[in-house]
Amino acid sequence: MSAETVRFALFAEVFAALAHPKRLEMIHYLGERQHTAGELTELTGLSKANVSQHLNVLKARGLVHCDKCGTFCHYRLTSPAVLETCEIVRKLILDQMDITTACRQQLAEVVPLRKTTS
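Number 3 in the UniProt record's numbering belongs to position 3 of the sequence shown; there are no gaps in the numbering.
Here's what the structure looks like:
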């Protein structure tokens with residue numbers, strides 16, 4: 001396997017970890033401050049088991065780190081670049097929405113074809 005293939009596979013794994021709405025929600029909360037799994041359970045409305053599964057995916061991809069403090073685990077983002085990546089994607093989506101809106105407006109201005117009766 002070439003170095004480029006490995007690199008793209010790693011990229012795909014990170015994007016796969018970011019591809020779940022609840023994981024993105026967790027990243028949002030962890031971008032504000034560190035949280036325990038219990039806090040994330042309350043914030044997201046997920047079960048503790050489900051939160052744990054999502055956190056394991058994020059940890060495995062190097063996006064989230066766990067600091068153990070007694071019996072609690074405090075989760076935090078590994079880097080501000082995680083939020084920066086999400087912000088870039090958000091801007092991309094907004095740009096696409098602007099393009100779609102502009103296309104709809106242009107189509108609305110086109111005079112519809114009229115059928116001629118014979």
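Ideal Cβ placement from N, Cα and C applies to all residues, glycine included.
No experiment lies behind these values; they were computed from the predicted model shown.
Return the Cβ separation of residue i and residue j in integer angstroms, given the expectation that the two are a contact with Cβ distance under 8 Å.
| i | j | result |
| --- | --- | --- |
| A9 | L63 | No, A9 and L63 are not in contact; Cβ-Cβ is about 16 Å, not under 8 Å. |
| G38 | L77 | Not quite, the Cβ-Cβ distance comes to about 18 Å (not below 8 Å), so this is no contact. |
| F72 | T36 | 5 Å |
| C86 | I27 | 6 Å |
| Q34 | Y75 | 6 Å |
| Y29 | L46 | Not confirmed; about 12 Å, so no contact. |
Residue range of the beta strand (DSSP E) that residue i falls in?
| i | result |
| --- | --- |
| V89 | V89 -> not in any beta strand (DSSP E); alpha helix (DSSP H) instead, spanning P80 to E109. |
| R61 | Careful: R61 lies outside any beta strand (DSSP E) and carries neither H nor E. |
| L77 | F72 to L77 |
Nearest to residue i by alpha carbon, out of the options?
| i | options | result |
| --- | --- | --- |
| P21 | R90, P112, L107 and Q34 | R90 |
| R23 | L55, E13, V14 and E4 | L55 |
| E25 | T44, V14, R7 and E13 | T44 |
| A19 | E109, H74 and V57 | V57 |
| K59 | L107, R7, V111 and E13 | E13 |
| V82 | A108, R61 and P112 | R61 |
If I follow the unbroken alpha helix (DSSP H) through residue i, where does it start and stop?
| i | result |
| --- | --- |
| R7 | A3 to A17 |
| P112 | Unbroken run through P112: none, as it is neither H nor E. |
| R23 | P21 to E32 |
| residue 119 | Residue numbering for the chain in the displayed model covers 1 to 118; residue 119 lies beyond these limits and cannot be assessed. |
**Any 3 or more C-beta pairs closer than 8 Å across the region 48-59 and the region 100-109** = no
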